[in-house]
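Residue numbers (UniProt numbering): 1 to 519. Backbone N, C-alpha and C define an ideal beta-carbon position, used for all residues, glycine too. Remember, predicted model here, so these are calculated numbers, not experimental data. Below is one structure, written out as structure tokens, with a few remarks after it.
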Amino acid sequence: MAPAGRDDEAPSWTIPPTQLVTIEYPGYIHASCKALDSALTSLSPRMGPLAGTASARQALEHLSMLLDRGARIVECHLLSQEPEDTDLYRHPILGDIVQSQDLVVRIRRQVWKRSDQDVYRKQYMLELVGSCTHAVRFRRMADFAYRPDPPSGSSEHPAMSLHRALMTFDVHFLRAYRFEPERELYEVSENGTPISNLAMIPPPFFSRQELPFPYGYRQNPTSSLQTVSHASTSKRSRRTARKGESSAEQPADLEDTAVTRYINRARWRNLAPIAIKFSDTGPVPHAPDPSLAAMPLSEKQTMQLQKLREQWSKRPIWSRLALLNQFSEPEARALIQAKELFALVAYTFADGPWRDALVQFGYDPRTDRQSRFYQRIHMRGKTPRRPTTRGLFKSEYGTASDTRRSHIRSAELMRSPTHEFDGKTASFHTSTFQLCDITALSIVPLIHVDGPNQLLLTPDVTTGWYAPQAWEAIRSAVSSSFHALLNASTNDQHPQEDVGSSSEDYSHDEDDDDEDMNT
Numbered sequence: 001m002a003p004a005g006r007d008d009e010a011p012s013w014t015i016p017p018t019q020l021v022t023i024e025y026p027g028y029i030h031a032s033c034k035a036l037d038s039a040l041t042s043l044s045p046r047m048g049p050l051a052g053t054a055s056a057r058q059a060l061e062h063l064s065m066l067l068d069r070g071a072r073i074v075e076c077h078l079l080s081q082e083p084e085d086t087d088l089y090r091h092p093i094l095g096d097i098v099q100s101q102d103l104v105v106r107i108r109r110q111v112w113k114r115s116d117q118d119v120y121r122k123q124y125m126l127e128l129v130g131s132c133t134h135a136v137r138f139r140r141m142a143d144f145a146y147r148p149d150p151p152s153g154s155s156e157h158p159a160m161s162l163h164r165a166l167m168t169f170d171v172h173f174l175r176a177y178r179f180e181p182e183r184e185l186y187e188v189s190e191n192g193t194p195i196s197n198l199a200m201i202p203p204p205f206f207s208r209q210e211l212p213f214p215y216g217y218r219q220n221p222t223s224s225l226q227t228v229s230h231a232s233t234s235k236r237s238r239r240t241a242r243k244g245e246s247s248a249e250q251p252a253d254l255e256d257t258a259v260t261r262y263i264n265r266a267r268w269r270n271l272a273p274i275a276i277k278f279s280d281t282g283p284v285p286h287a288p289d290p291s292l293a294a295m296p297l298s299e300k301q302t303m304q305l306q307k308l309r310e311q312w313s314k315r316p317i318w319s320r321l322a323l324l325n326q327f328s329e330p331e332a333r334a335l336i337q338a339k340e341l342f343a344l345v346a347y348t349f350a351d352g353p354w355r356d357a358l359v360q361f362g363y364d365p366r367t368d369r370q371s372r373f374y375q376r377i378h379m380r381g382k383t384p385r386r387p388t389t390r391g392l393f394k395s396e397y398g399t400a401s402d403t404r405r406s407h408i409r410s411a412e413l414m415r416s417p418t419h420e421f422d423g424k425t426a427s428f429h430t431s432t433f434q435l436c437d438i439t440a441l442s443i444v445p446l447i448h449v450d451g452p453n454q455l456l457l458t459p460d461v462t463t464g465w466y467a468p469q470a471w472e473a474i475r476s477a478v479s480s481s482f483h484a485l486l487n488a489s490t491n492d493q494h495p496q497e498d499v500g501s502s503s504e505d506y507s508h509d510e511d512d513d514d515e516d517m518n519t
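Pasting the structure below:
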């Protein structure tokens with residue numbers, strides 16, 4: 001290859017000895033002398049918050065003084081659009097003076113145009129001006145600016161008037177100034193429009209964060225861009241499917257709308273049963289979600305699903321704990337791990353007397369009075385926590401210093417959780433029961449009451465099919481017996497007979513936690 005000629009060599013420039021300071025101004029500057037003058041004026045030190053006390057010349061002298069002193073901070077006071085406005089509540093933007101080794105280049109552009117043709121020719125010329133030794137960078141975030149509105153009947157806020165008098169040393173104003181008494185008239189009406197009359201002075205700082213926090217956002221590695229239909233990915237369509245409504249009620253134009261978005265390929269699929277509210281109208285779900293029904297099942301899961309469906313021939317509503325107790329311990333553990341099987345056989349209520357219970361598809365307990373026996377009842381109160389690991393050993397065998405606990409305790413805490421309440425045995429694992437699972441002799445007659453004074457024509461969200469007085473009687477009896485057994489078990493007593501009724505705390509609120517649903 002032939003050696004390159006002199007025409008192929010890059011041009012060499014001599015760096016001028018001129019040393020410059022570059023300013024990365026936090027705003028737009030137009031190509032005019034007035035705009036440049038305004039930008040430099042905002043860097044001038046302020047003797048006070050009043051406008052008109054700064055100039056571009058003062059800004060250049062101030063920057064020169066900061067460089068000579070080795071200062072690191074520069075304040076930028078962004079000017080207001082109103083000449084008479086004040087900057088009392090507008091905090092300056094802080095900039096940092098850092099060392100730099102950049103070169104300053106001036107770029108000039110010339111446009112040539114032929115007179116007879118619409119042909120443009122652009123010519124760019126570069127000129128090396130000098131080297132940059134320092135740079136002023138405004139990388140910090142600006143604080144919020146808020147100017148309080150003057151109170152009703154005043155043209156200026158009292159704090160602004162006082163501050164103006166302090167800056168101008170107006171002695172006569174300061175001697176005559178009085179703080180107005182506090183009035184609880186925080187809102188007044190002007191021209192029929194209510195406006196605030198609070199006149200509260202804003203805080204000195206709204207945000208103490210100067211630098212943006214490095215969150216380090218990164219895209220999920222399992223997410224990828226995919227083009228899917230809008231109807232299958234929108235929150236509204238997924239919520240509609242969760243309620244069991246048909247897709248025919250959705251707008252037809254959404255079916256043809258395709259969107260490109262990030263979709264997590266490894267996202268957790270919602271395998272919970274369809275949940276409806278007690279106040280929802282229309283038919284109840286008759287089948288599981290189509291996307292869940294199309295999910296392939298293994299041979300073992302198919303057998304488990306068949307056993308689950310056989311349980312609905314016994315009763316149409318089950319609590320999850322009662323349903324799991326119909327299987328052996330290994331089978332129940334396998335069902336807990338395969339939660340999608342519950343969504344294939346039943347739906348749930350999000351509130352009401354059958355809250356969190358598994359209801360057979362197509363069965364609406366709000367239309368069948370016999371469903372009152374499957375209503376849930378929940379007792380509030382702390383049950384003794386079952387000790388674990390080393391605490392369990394101490395609970396069973398006691399400690400060396402305590403001779404009274406040297407004997408092995410009863411295995412009540414070790415028994416499997418039960419969904420039934422007989423009024424004789426304390427339940428440490430759950431405080432929620434269905435009425436059909438309560439076998440206490442003093443409570444069963446209260447559950448099987450009948451008549452227009454005891455039952456309602458339509459179910460209520462709190463008491464279900466029972467009248468308020470009938471439900472209150474059941475509630476008091478169950479709560480009294482339940483808490484009495486807990487207190488007796490805590491004192492190492494073993495009740496042998498059913499406990500009568502008394503007033504104890506009970507709640508059927510929607511905020512109660514259903515312990516048997518978390519099993």
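- The count of Cβ pairs closer than 8 Å, one atom from the region 278 to 296 and one from the region 309 to 326, stays below three, leaving the stretches out of contact.
- Remark: fewer than three beta-carbon pairs, one from each stretch, lie closer than 8 Å, so the region 166 to 177 and the region 201 to 218 are not flagged as touching.
- Under the rule that a run must span 3 or more residues, the beta strand (DSSP E) segments found entirely inside the region 100 to 125 read 103 to 113.
- For HIS91, the closest alpha carbon among the candidates VAL444, PRO203 and SER431 is that of PRO203.
- Burial is judged here by how many other beta carbons sit within 10 angstroms of a residue's own beta carbon; THR193 has fewer than 16 and is exposed.
- If you check the CB distance, VAL111 and TYR124 do not come in under 7 Å.
- Between the alpha carbons of PRO290 and VAL228 lies a distance of about 17 Å.
- Proximity of the region 293 to 306 to the region 361 to 371 falls short of the contact definition, fewer than three beta-carbon pairs being nearer than 8 Å.
- TRP318 carries a strand assignment under DSSP once its states are collapsed to helix, strand and coil.
- In the three-state reduction of the DSSP assignment, GLU75 falls in the strand class.
- The Cβ-Cβ distance between PRO353 and GLN375 falls below 7 Å.
- Close CB contacts of CYS132 within its chain, under the 6 Å cut and outside five residues either way in sequence, are with LEU20, THR22, SER100, ASP102 and VAL104 (chain order).
- Residue pairing for THR432: DSSP places it in a beta bridge opposite HIS378.
- Annotated as proximal: VAL136 and ILE97, with beta-carbon spacing under 7 Å.
- In the DSSP assignment, the residues bridged to LEU94 are GLU75.
- SER196: member of the beta strand (DSSP E) spanning 193 to 196, first to last residue.
- When beta bridges are read from the DSSP output, LEU66 appears opposite no residue.
- Counting other Cβ atoms within 10 Å of its Cβ, GLN360 reaches 16 or more and is therefore classed as buried.
- Only residues of its own chain outside the window of five on either side were considered, and among them PRO459 have a CB closer than 6 Å to the CB of ARG366, listed in chain order.
- At a Cβ-Cβ threshold of 7 Å, ILE93 and PRO148 do not count as neighbours.
- Going by DSSP, SER189 is part of the beta strand (DSSP E) stretching over 187 to 190.
- Contact holds between the region 466 to 476 and the region 444 to 454, because three or more Cβ pairs, one in each stretch, are under 8 Å apart.
- Taking the Cβ atoms as the reference, PRO151 lies roughly 5 Å from ASN197, within the contact range of under 8 Å.
- Your pair THR348 and ALA357 checks out as a contact, with CB atoms roughly 7 Å apart and the cut at 8 Å.
- Of all alpha-carbon atoms in VAL449, PRO11 and ASN487, the one lying nearest the alpha-carbon of GLU472 is that of VAL449.
- The secondary-structure analysis by DSSP pairs ILE438 across a beta bridge with PHE421.
- Annotation: the continuous alpha helix (DSSP H) that includes PRO330 extends over 329 to 337.
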